[in-house]
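*Asks:*
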Amino acid sequence: MPSLSEDREAILKLHKDWWEANHQLVIPLMETVYPAGDSYLMFNLNGHPYFGIEEKVELWKHYQNELDIVAYPDIEIMRLTISGDMAWIACEGIFPMRIVGESGTGSATWESKSELEYDPFGLRATEIYQRDDGNGNPVWKMWHFHCSPMPAADEPRPGLGGTRNERGLGGGPGITPLRVTSEGARG
């Protein structure tokens, strides 16, 4: 059985590969992160669910004609918890993109600011990992991903105040953000 340190390293590599695959929508790298078959479930930033790796590949093929991810996403990990054969990451970041196709994101929940050359879109995500490659082998893979938009960087939190600008991307009480991806664009 791998050590907690080895588990952490394997999970952080998957996290890194996932977010780096998003830059230019690199399908072969993206495919290495997920379990085989239709076990994977994604709640995409566009608001729709995607079931299994085949649907995810089709989504990315579509977006390759619609979006240009102009730089590496700037993702900061807020929490990483590993417990036995399950783990999760909570993160937030900036997803720099520009619309290049007619349908763009294709979603009312994920709209780009059309007046910008590129949009430093703020997002937050939860990643669920399981030590199972979809074929029953004890290999870490991401089994679920849920992504949603962040409020504007200068918008105060209702009831508590404080803004993302004030706390810093990925920051919060007792949190030292962790970045394992290539340097991203700041927004």
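In the UniProt record's numbering, the protein residues as written are 1 to 187. For each residue, glycine too, the CB sits at the ideal point set by N, CA and C. Since the structure is predicted, the reported quantities are computational estimates derived from the model, not experimental observations.
1. How is residue 195 classed by DSSP in three states: helix, strand or coil?
2. Evaluate residue 213 with the Cβ neighbour count: other Cβ atoms within 10 Å of its Cβ, from every protein chain shown; 16 or more gives buried, anything less gives exposed.
3. Could you tell me whether the Cβ atoms of residue 239 and Met97 are closer together than 7 Å?
4. If you follow the alpha helix (DSSP H) that Trp88 is in, where does it begin and where does it stop?
5. Which value, in whole angstroms, describes the spacing of the CA atoms of Asp85 and Asp17?
6. Give the DSSP bridge partners of His48, in chain order.
7. Which residue's Cα is closest to the Cα of Ile27: Ala10, Leu80, Leu12, Tyr63?
8. Count the other CB atoms, across all protein chains shown, that sit within 10 Å of the CB of Phe51; report buried if there are 16 or more and exposed otherwise.
9. Thr105: buried (16+ other C-beta within 10 angstroms of its C-beta) or exposed?
10. Per DSSP, Gln130 is paired with what?
11. Our contact map puts Asp7 next to Ile69 with C-beta atoms below 8 Å; I'd like the distance itself, whole angstroms only.
*Replies:* For this structure:
1. This structure gives no information on residue 195, because the portion of the chain shown stretches from 1 to 187.
2. Since the displayed the chain opens at 1 and closes at 187, residue 213 lies outside it and no answer follows.
3. This structure does not reach residue 239, given that the chain is present from 1 up to 187, and the question cannot be answered.
4. Looking up residue 88 in the sequence shown gives position 88. Looking at the DSSP string, Trp88 is not in any alpha helix (DSSP H); the run it does join, the beta strand (DSSP E), is 86-99.
5. Here residue 85 is taken as the residue at index 85 of the sequence shown, counted from 1. Here residue 17 is taken as the residue at index 17 of the sequence shown, counted from 1. Straight-line Cα distance between these residues: approximately 20 Å.
6. Within the sequence shown, residue 48 is the residue found at index 48, counting from 1. None, per the DSSP bridge assignment.
7. For the purposes of this step, residue 27 is identified with residue 27 of the sequence shown, where counting begins at 1. Checked all of Ala10, Leu80, Leu12, Tyr63; the closest Cα to Ile27 is Tyr63.
8. Position 51 of the sequence shown, counted from the start, is the residue given in the question as residue 51. So Phe51 ends up on the exposed side.
9. On the sequence shown, residue 105 is found 105 positions in, with the first residue counted as 1. Thr105 is buried by the Cβ-count criterion.
10. Counting from one through the sequence shown, the residue named residue 130 turns up at place 130. In the DSSP output, where bridge partners are listed per residue, Gln130 has Met86, Lys141.
11. If you number the sequence shown from 1, residue 7 lands on position 7. If you number the sequence shown from 1, residue 69 lands on position 69. The pair is not a contact, with the Cβ atoms about 29 Å apart (cut-off 8 Å).
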